[in-house]
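The structure appears below as structure tokens.
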Amino acid sequence: MSDLSDFARDAVDRLEQVDPDLFDMLQREYERQVDTLALVASCSPEDPSVLACEGTFASNVTAEGYPGRRYHAGCRHVDEFEQLAIDRAKAAFGARYANVQPHTATTANQTVMTSLLDAGDTIIGMDLDAGGHLTHGSKASLSGNYFTSYGYGIRPDGQIDYEQAEALAIEHKPKLIVCGTTAYPRVIDWARFRAIADKVGAWLLADITHIAGLVIAGEHPNSIDHAHVTTTCTHKQLYGPRGGLILLGKDAEMVVPDKNVTLEKLMGKGVFPWFQGAPIVNKIVAKARALGMAMTPEFRERMKRIVELSRGLVAAFEERGVRVVAGGSDNHIVLIDVLSTFDVTGIIAQKALEECGIIVNKNRIAGDTKSIFVSSGVRIGTNSLAARGFTAADMPGVADLICRILEAVEADDDRDYALDAAARDAFADESRGLARRYPIPGYGQRVAH
Ligand code: DSN
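Residue numbering for the sequence shown follows the numbering used here, starting at 301 and increasing by one per position.
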């Protein structure tokens with residue numbers, strides 16, 4: 301049978317027929333993805349079954365409200381999709397409440413902040429430069445402008461400076477403390493942050509976006525009962541659609557003092573109608589699928605391997621004299637100081653590696669003297685390598701290839717460089733060879749030219 305299967309197959313054929321230019325563009329992006337090594341820590345390949353959910357006609361439904369309480373008719377099945385996603389999110393994270401409607405983790409964070417705080421209230425979060433996120437109080441985003449924000453950093457040993465966070469909290473009496481990071485390779489001590497928040501009567505928001513998969517698999521401590529609210533995106537380490545979740549643990553039913561509603565009610569209203577209108581239903585279906593996958597033994601094994609790959613890279617880099625920021629990795633992130641090691645800036649390293657089929661992003665590191673557009677470091681993530689089936693035994697080869705490329709670069713200044721064309725082509729062949737040896741599951745096997 302299946303009308304749905306026919307629909308999905310015909311949809312791609314139809315696209316090719318009716319819009320060949322766009323189809324060709326998509327084809328080229330597909331080839332780029334399967335033939336390069338994506339080491340950007342904030343991305344990962346979605347399983348085709350997740351992509352299939354995103355591509356369904358569930359997106360045709362307008363469904364303001366929540367399961368059983370919609371403002372529109374026609375939501376019988378949508379209610380089932382959303383309830384399944386909620387149930388799976390709760391089970392995966394051990395949560396008492398899950399809201400699966402946030403369009404992104406950014407909107408999830410903004411929802412939490414604007415629901416609990418008033419404009420002008422004080423927040424404390426990790427500095428962007430130290431590995432925090434735009435939405436944690438950066439002056440470049442709404443969070444650092446709508447609210448008065450102060451940022452904590454990291455200590456010289458690369459660990460979060462909890463003492464500084466506590467001192468800032470005592471001095472500024474924030475209404476909210478944000479913990480969670482985007483470029484931090486070590487374990488986050490949620491209990492310590494909660495103790496700081498309790499000491500000054502602040503809310504604690506844990507944004508676990510980068511490590512959500514490790515949390516589900518028990519490879520990183522769970523924030524759910526330490527933070528008042530936990531947020532995450534669903535596309536980085538959950539291999540799901542671009543989207544967000546708001547999760548509550550043991551504080552779900554506490555009454556929010558100045559609002560006289562429970563935290564879970566406040567979050568429900570905060571997402572809809574306060575911060576968003578109708579949910580993106582096909583994304584919710586895809587979240588349900590990704591969360592289903594995240595509770596399998598295969599996923600747990602992949603999460604274990606993510607950390608093994610990072611540690612394998614750290615060991616191989618250190619063996620070659622590369623300075624690894626924070627002295628190691630407990631998660632999917634390996635931050636390397638390319639300026640002091642190879643005498644090239646982060647932006648040059650990013651561009652040269654991309655020319656050779658390895659995709660990373662430049663990243664500022666503690667004490668960086670370069671601007672955010674130049675940077676002294678590179679952030680490497682192992683989510684995609686783990687999905688492709690790489691093992692720790694492959695990491696010396698990957699680290700070696702990265703080192704050889706960066707050693708071959710001749711930097712003229714912070715941004716300009718030269719890379720011999722023959723060497724570049726040989727490096728690109730090596731990366732492509734690795735990508736083809738470990739194809740993205742479900743994306744088809746491409747053969748060497
Ligand atoms: N937060 C940014 C990152 O970690 O790359 C984008 O999601």
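Using N, Cα and C, we set each Cβ at its ideal position, and we do this for glycine too.
Predicted model, so just to flag it, every value in this text is computed and none were measured.
If you ignore the 5 residues before and after M567, its C-beta comes within less than 6 Å of the C-beta of N399 and I546, all in its own chain and listed in chain order. Per DSSP, reduced to three states, the secondary structure at E346 is coil, with no helix or strand assignment.
Taking 6 Å as the cut-off, one finds no heavy atom of the ligand DSN near enough to the beta carbon of T406. For A594, there is no enclosing alpha helix (DSSP H), as DSSP marks it with neither H nor E.
Looking at the backbone, the Cα of N445 and that of D421 are separated by about 10 Å. Sequence-distant partners of T562 (beyond 5 residues in either direction) whose C-beta falls short of 8 Å from its own C-beta, in its chain, are A552, E553, M554, V555 and V556. DSSP lists no beta-bridge partner residue for R542. For A398, the enclosing beta strand (DSSP E) starts and ends at Y397 to N399. Remark: the shortest separation between the CB of T481 and any heavy atom of the ligand DSN does not fall under 6 Å. Taking one beta carbon from each stretch, the stretch 526–534 and the stretch 404–411 have 3 or more pairs nearer than 8 Å; the two touch. In the DSSP assignment, no residue is bridged to G437. With a threshold of 6 Å, the Cβ atom of S676 does not count as near the ligand DSN, since no heavy atom of the ligand is closer than that. Note that the C-beta distance between I606 and T336 is not below 7 Å.
Relative to the non-hydrogen atoms of the ligand DSN, the Cβ of S342 comes within a distance shorter than 6 Å of at least one.
Under the 10 Å beta carbon count, M595 is surrounded by fewer than 16 other beta carbons and is classified as exposed. Taken through DSSP and simplified to helix, strand or coil, C533 comes out as strand.
Look at the stretch 656–695 and you find these whole runs of alpha helix (DSSP H), each 4 residues long or longer: 683–688.
For the 7 Å CB-CB criterion, P541 and K475 do not form a contact. Distance from the Cα of D427 is smallest, within the candidate group D461, Q410 and R724, for D461. When beta bridges are read from the DSSP output, S449 appears opposite I423.
Secondary structure at V478: strand, using DSSP grouped into helix, strand and coil. Non-local C-beta neighbours of I470 in its own chain, meaning closer than 7 Å and more than five positions away in sequence, comprise V500, ordered along the chain.
In the three-state reduction of the DSSP assignment, G365 falls in the strand class.
In chain order, A341, A483, I633, L635, V660, N661 and N663 place their CB closer than 7 Å to the CB of R679, counting only its own chain and leaving out the 5 sequence neighbours on each side. L384 and F642 have their C-alpha atoms spaced approximately 50 Å apart.
In the three-state DSSP reduction, V698 falls in the helix class (H, G or I).
Within the same chain, V350, C353, E354, G540 and P541 come within 7 Å of A586 by CB-CB distance, once the 5 residues on both sides are set aside. Around the beta-carbon of A718, fewer than 16 other beta-carbon atoms lie within 10 Å, marking it exposed. Under the rule that a run must span 4 or more residues, the alpha helix (DSSP H) segments found entirely inside the stretch 560–589 read 563–569. Annotated three-state conformation of L417 is coil, per DSSP. Here the alpha carbons of R737 and D387 stand approximately 37 Å from one another. Within the same chain, A708 come within 7 Å of A723 by CB-CB distance, once the 5 residues on both sides are set aside. Nearest neighbour of E346 by Cα position, chosen from G689, A728, F575 and S684, turns out to be S684.
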